[in-house]
Amino acid sequence: MPGRSLGLPIGYNRSSCGYCRAENQEKQERSFSYGFLAYRLEPDHYQTLLDHGWRRSGDYVYKPDNSRTCCPQHTIRLDAQAYRPSKAQRRALNQLYWTLCGRPKPARWKGKWGSTGAYDVEHHVRLVMHDDSSDIVDLSDSSWPPLEAPYDSIPNERIKLSLRRATSTDEKYALFRRYQKHIHREAEDEISSRRGWEQFLVRAPFPDEGDGQDKAHAFFGVYHHEYRYKGQLLAVGVLDILPHCVSSVYFFYEPAYADWELGKISAMVEICLTKALSRRISSLHWYYMGTSYRLPEPLPPGYLNFAAVQRKASQWLVLDTSTFPPLLTTFEVICTRSSHEMSHAISSFFSALGVSIGSLIVALACD
């Protein structure tokens, strides 16, 4: 049974958007949202908010106003059990295997690769990853399937995974700065300070372990999924583990390894993590791929099969050729006229949820 959540409304917000700003163009305040500062946020309550189009950045929880913002944001999720990797995703994982083996990929192979059955993502991830967090979840699974050609050996040095509660270290922050500089092309003075990074990717408003929670709820919260290769920190995935899903918050990696396609690899790893957790927590079977600011066109292979996008509160639409075009022009939002009306709509929403944070928002709306 969830406890109480507590937050302070910040109100309607207008800010610059770093996603659509052209190079050498001045930042313009064209991104609109409504938000509140969460002092305490129960995982069950945040799960409900997430399913209604909200996201969090540290302790700040916000709802984009898709009718006004320059880059409408959509929450995308998939059922981990139904996931089937695309050809490009399989190619990235296979290429990483040969890279770690130190051998070139065979130019030709008689018969189809994986012809003995469906492509087993968990099996192929285990060929290149070694899980080091068995106290939380073991991705290495003792039921190791027999190796089959051409995957006839395990690399001597696999990438080591560890899933731990989010913490701040010099090593992680230095990696984050290199990633922002070389991948996002941010200038040194534009990169978040150590404090800003901690507020964004380390801090979370979820209750601490042992804070009057039962054992099941104490497990939920924000985690860092660390990737290490030969002792070096290779990448970090920031994840919210919630009652019904694993939600991807952010992922940053060592720019020198950009050709390893770690973005694709991490998504498959996190899907495998979701499947592993679902064997422990039956209600947890969704993988939330974060917020998409612009739905890609054409859609990547696989999205048509398993992904769903949220357009209305608590309504999920399967992405296919019939739903994709309308999403480009039609957006349902809580309020389309004024910040006062949005405050009132938000207060009604929280009251319907029975979340105590609603009383603060009601007070704001009545001012």
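At position 282 of the sequence shown (counting the first as 1) the number is 282 in full-length UniProt numbering, and the numbers step up by one without a gap.
Every residue gets a Cβ at the ideal spot worked out from N, C-alpha and C, and that includes glycine.
Bear in mind that the values here come from a model prediction, so they are computed numbers and not experimental data.
Start-to-end residues for the alpha helix (DSSP H) that takes in residue i
i      : result
Lys172 : 170-182
Ile10  : Looking at the DSSP string, Ile10 is not in any alpha helix (DSSP H); the run it does join, the beta strand (DSSP E), is 6-16.
Residue i in three-state terms, based on DSSP
i           : result
Ser192      : coil
Leu37       : strand
Val249      : strand
Lys264      : helix
Glu270      : helix
residue 370 : This structure gives no information on residue 370, because the portion of the chain shown stretches from 1 to 367.
Pro255      : helix
Trp286      : strand
Ala235      : strand
Tyr46       : helix
Lys63       : strand
Glu29       : strand
Ser162      : strand
Tyr97       : helix
Glu157      : coil
Ser278      : helix
Trp226      : The displayed chain sequence assigns Glu, not Trp, to residue 226. Residue state, collapsed to three classes: strand.
Phe324      : Here the model assigns Phe324 a pLDDT of 49, short of 50, so the residue's position is not dependable, and the following value carries that caveat. Three-state result, Phe324: helix.
Leu203      : Per the sequence shown, the amino acid found at residue 203 is Arg instead of Leu. Of the three classes helix, strand and coil, the one that applies to Arg203 here is coil, per DSSP.
residue 368 : This structure does not reach residue 368, given that the chain is present from 1 up to 367, and the question cannot be answered.
Arg126      : helix
residue 384 : Outside the displayed range of the chain (1 to 367) lies residue 384, so it cannot be described from this structure.
Inter-residue CB distance, residue i and residue j (contact presumed, cutoff 8 Å)
i      : j      : result
Ser234 : Tyr227 : Checking the displayed sequence, the identity of residue 234 turns out to be Leu instead of Ser. With 8 Å as the limit, Leu234 and Tyr227 qualify as a contact, their Cβ atoms being about 4 Å apart.
Asn66  : Gly35  : Rounded, the Cβ-Cβ distance is 14 Å, inconsistent with contact.
Pro72  : Ser33  : Pro72 to Ser33, Cβ: 11 Å. No contact.
Pro205 : Ala38  : 4 Å
Leu6   : Met289 : Contact doesn't hold; Cβ gap of about 29 Å is too wide.
Ile241 : Gly221 : 7 Å
Leu161 : His182 : Not a contact, Cβ separation roughly 23 Å.
Pro207 : Arg40  : 6 Å
Arg195 : Pro255 : Actually they do not touch by this definition, with Cβ atoms about 23 Å apart.
Leu277 : Leu284 : 5 Å
Glu186 : Gln180 : 5 Å
Phe252 : Val236 : 6 Å
Beta-carbon contacts of residue i that lie in its chain and below 6 Å, excluding the five residues immediately before and after
i      : result
Tyr229 : Ile159
Tyr250 : Leu201, Val238
Gly58  : Gln199, Phe200, Arg203
Gln47  : Leu242, Pro243, His244
Thr169 : none
Ile154 : none
Range covered by the beta strand (DSSP E) that runs through residue i
i      : result
Thr75  : 74-79
Lys105 : Premise fails: Lys105 is in no beta strand (DSSP E) and is neither H nor E.
Tyr119 : Careful: Tyr119 lies outside any beta strand (DSSP E) and carries neither H nor E.
His52  : Run containing His52: none; DSSP gives neither H nor E here.
His130 : 129-131
Chain-order list of residues whose beta-carbon lies under 7 Å from that of residue i (same chain, five-residue window excluded)
i      : result
Cys70  : Cys17, Cys20, Arg30, Ser31
Arg68  : Phe32
Leu96  : Val128, Trp260, Ile265
Trp197 : Tyr173, Phe176
Arg98  : Note that residue 98 corresponds to Trp in the displayed sequence, not to Arg. Excluding sequence neighbours, Trp98 sits near Pro104, Lys105.
Ser247 : Leu50, Leu239, Asp240, Tyr288
Pro325 : Confidence at Pro325 is low in this model, with a pLDDT of 47, below 50, so its placement is unreliable and the value that follows should be read with caution. Cβ within range, chain order: n/a, list empty.
Arg90  : Tyr119
Beta-carbon contacts of residue i that lie in its chain and below 8 Å, excluding the five residues immediately before and after
i      : result
Ile271 : Leu78, Ala80, Tyr83, Val121, Tyr287
Gln167 : A quick correction: the sequence has Thr, not Gln, at residue 167. Here the set comprises Val202, His224.
Pro85  : Leu93, Tyr119, Val121, Met268, Gly302
Glu157 : Leu100, Tyr229, Lys230
Proximity test, Cβ basis, 8 Å: residue i and chain D
i     : result
Leu93 : Among the protein chains of the structure shown there is no chain D, as only one such chain exists.
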